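Reviewing the structure listed below.
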Amino acid sequence: MNIEQLMYIVEVAKEKSLGAAAKTLNISQSALSQAITKLESELGVKIFNRSRAGAIPTKEGDFIIAKSQYALEAIYEIKEEAKQLNEFNDVLRMNVIPGLIEPIVDSYLRFKARTPTFKIEVSERSSMDIIQEIHDDKIDVGFIAVKSSNMDVVNGFHFTPVTTGKLLVFASKDSFIANTNKALEPSLLKEQLFVLYKDEYVQSFVSNFHRLYGPINVFLETTDLHVITNTILQHGAITIGHDISATFSRSFPFETEMTALAIDHFFDSSFTYGWIRKYDHKLSEKTNEFIDEVREVLLNKA
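For reference, each letter of the sequence shown is one residue, going 23 to 324 in this note's numbering.
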């Protein structure tokens, strides 16, 4: 018997379906079924009556599931208390989408002035990389962008939405595209020089644009926002990016030297931004306080 098996039977009891539970737990249905069968064999008790209609707990299964729920809650409490006891040495590992390092660090410096023992490690990653690192237990929490039409990528994780936004075209205020009277249409974009951030959503835009309207002229792809900014301001290029990243990145002089142009009249560019972690990865009280403070900063300026 192990913790995962207890989690599995509690989730199946809640969903009353192996398929639905497997989706939530982010494992295959066959792996879930085998784990439950192994537990039933080990205990010598049939926990579920399984049929095409679903998975219904037996009388004995109800008792075991209730005990499992109690045991899991006790385990979570132990983990939480252990985190509190080791708070001095605890480091919050987090990754965020590009452009959000600065508000995170600003919030951290204010928070640390009141809580000197609190420490973080923070890096920028693409949303899909963050989800994978959460899955692999390489980080504790991440801040990601999820396409509004593809929210199933966060199934099996604890996702807390913070705000919504969209992809925009960014150009120098002195550029032709920012000062033309023409509407921003695909034909106009095809005439521009692009510098792009290496991000799965930017790549998705480029692929879909190519499929529908033909290729665009990509001059450079990079993960360095300074390079993107300089290429826009000095060489008249344009870029595609998240509105929230542009708002908070000091290396990206949005609204002072650049302008933002909407593309949602011909491309679905809507996103939901929020925090993601594993369901069973409990965060300390101080970590939750810090995340709440970052959330307020993002909401107040987004």
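Using N, Cα and C, we set each Cβ at its ideal position, and we do this for glycine too.
Nothing here was measured: the structure is a model prediction, and the numbers come from that model.
>> Quick check for students: name the residue ranges of the beta strand (DSSP E) that lie wholly in the stretch 260-310, counting only runs of 3 or more.
In response: Along the stretch 260-310, the beta strand (DSSP E) occurs as fully enclosed runs of 3 or more residues at 260-264, 280-284 and 292-299, listed in sequence order.
> Helix, strand or coil for Thr253 per DSSP?
Replying inline: The answer is helix: DSSP assigns Thr253 an H, G or I state.
>> Rounded to the nearest angstrom, what separates Leu210 and Phe216 at their Cα positions?
In response: The C-alpha of Phe216 is placed about 12 Å away from the C-alpha of Leu210.
>> I need the boundaries of the alpha helix (DSSP H) containing Pro208, first residue and last residue.
In response: From DSSP, the alpha helix (DSSP H) with Pro208 extends over Pro208 to Leu211.
> With a CB to CB cut of under 7 Å and the five nearest residues on each side skipped, what residues in its chain are close to Ile262?
Replying inline: These residues qualify, in order along the chain: Leu189, Val191, Leu218, Val224 and Phe227.
> Helix, strand or coil: which one does DSSP assign to Ser73?
Replying inline: It is a strand residue.
> Beta carbon of Val144, beta carbon of Ile119: below 8 Å?
Replying inline: When the beta-carbon positions are compared, Val144 and Ile119 stay at least 8 Å from each other.
> Of the residues Val34, Glu33, Ser63 and Ile285, which one's Cα is nearest the Cα of Glu207?
Replying inline: The residue with the shortest Cα to Cα distance from Glu207 is Ile285.
> Would Gly66 be called buried (16 or more neighbouring beta carbons within 10 Å of its own) or exposed?
Replying inline: Label assigned to Gly66: exposed.
> Do you know offhand how far Phe85's Cα is from Lys101's?
Replying inline: If you draw a straight line from the Cα of Phe85 to the Cα of Lys101, it comes to about 25 Å.
> Apart from the five residues just before and just after Phe179, which ones in its own chain have a Cβ nearer than 6 Å to its Cβ?
Replying inline: Excluding residues within five positions, the ones whose Cβ falls inside 6 Å are Ile298.
> Name the DSSP beta bridge partners of Arg115, please?
Replying inline: Arg115 pairs with Glu143.
>> Please tell me whether Gly236 and Lys212 are closer than 8 Å, where the distance is taken between their beta carbons.
In response: In this structure, Gly236 sits near Lys212, with a CB-CB distance shorter than 8 Å.
>> Pull the bridge partners of Val194 from the DSSP assignment, please.
In response: In the sequence as displayed, the identity of residue 194 is Ser instead of Val. DSSP lists Met280 as partners of Ser194.
> Taking buried to mean at least 16 other C-beta atoms within 10 Å of its own C-beta, is Met173 buried or exposed?
Replying inline: Its Cβ having fewer than 16 others within 10 Å, Met173 is exposed.
> So Thr59 is in the alpha helix (DSSP H); what residue range does that whole segment cover?
Replying inline: Taken as a continuous stretch (DSSP letters only), the alpha helix (DSSP H) holding Thr59 covers Gln51 to Leu65.
> If we ignore side chains and look at the alpha-carbon of each, how far apart do Phe165 and Leu321 end up?
Replying inline: Cα to Cα, the separation comes out at about 13 Å.
> Considering Phe231, what are the terminal residues of the alpha helix (DSSP H) in which it resides?
Replying inline: Judged by DSSP secondary structure, Phe231 falls within the alpha helix (DSSP H) whose first and last residues are Glu222 to Tyr235.
>> Whole angstroms are fine: how far does the CA of Glu37 sit from the CA of Gln256?
In response: Cα to Cα, the separation comes out at about 56 Å.
> Hey, quick one: how far does the beta strand (DSSP E) through Ala167 stretch, first residue to last?
Replying inline: That run of the beta strand (DSSP E) goes Val163 to Lys169.
> CA-CA distance, Leu234 and Phe288?
Replying inline: One C-alpha to the other measures close to 10 Å.
>> Quick check on Thr46: does DSSP put it in helix, strand or coil?
In response: DSSP places Thr46 in helix when its eight states are reduced to three.
> For Asn172, does the three-state DSSP call read helix, strand or coil?
Replying inline: Asn172 carries a coil assignment under DSSP once its states are collapsed to helix, strand and coil.
> Going by beta carbon distance, what residues of the same chain come within less than 6 Å of Gln91, once the five residues before and after it are set aside?
Replying inline: Excluding sequence neighbours, Gln91 sits near Val32.
> Do the stretch 131-138 and the stretch 265-273 touch if we need at least three Cβ pairs shorter than 8 Å?
Replying inline: Because the criterion of three Cβ pairs below 8 Å is not met, the stretch 131-138 and the stretch 265-273 do not touch.
> What did DSSP end up calling Lys204 once you bin it into helix, strand or coil?
Replying inline: The DSSP-derived three-state label of Lys204 is coil.
> Are Ile156 and Lys300 close, meaning C-beta to C-beta below 8 Å?
Replying inline: With respect to Lys300, Ile156 sits close: the two C-beta atoms are nearer than 8 Å.
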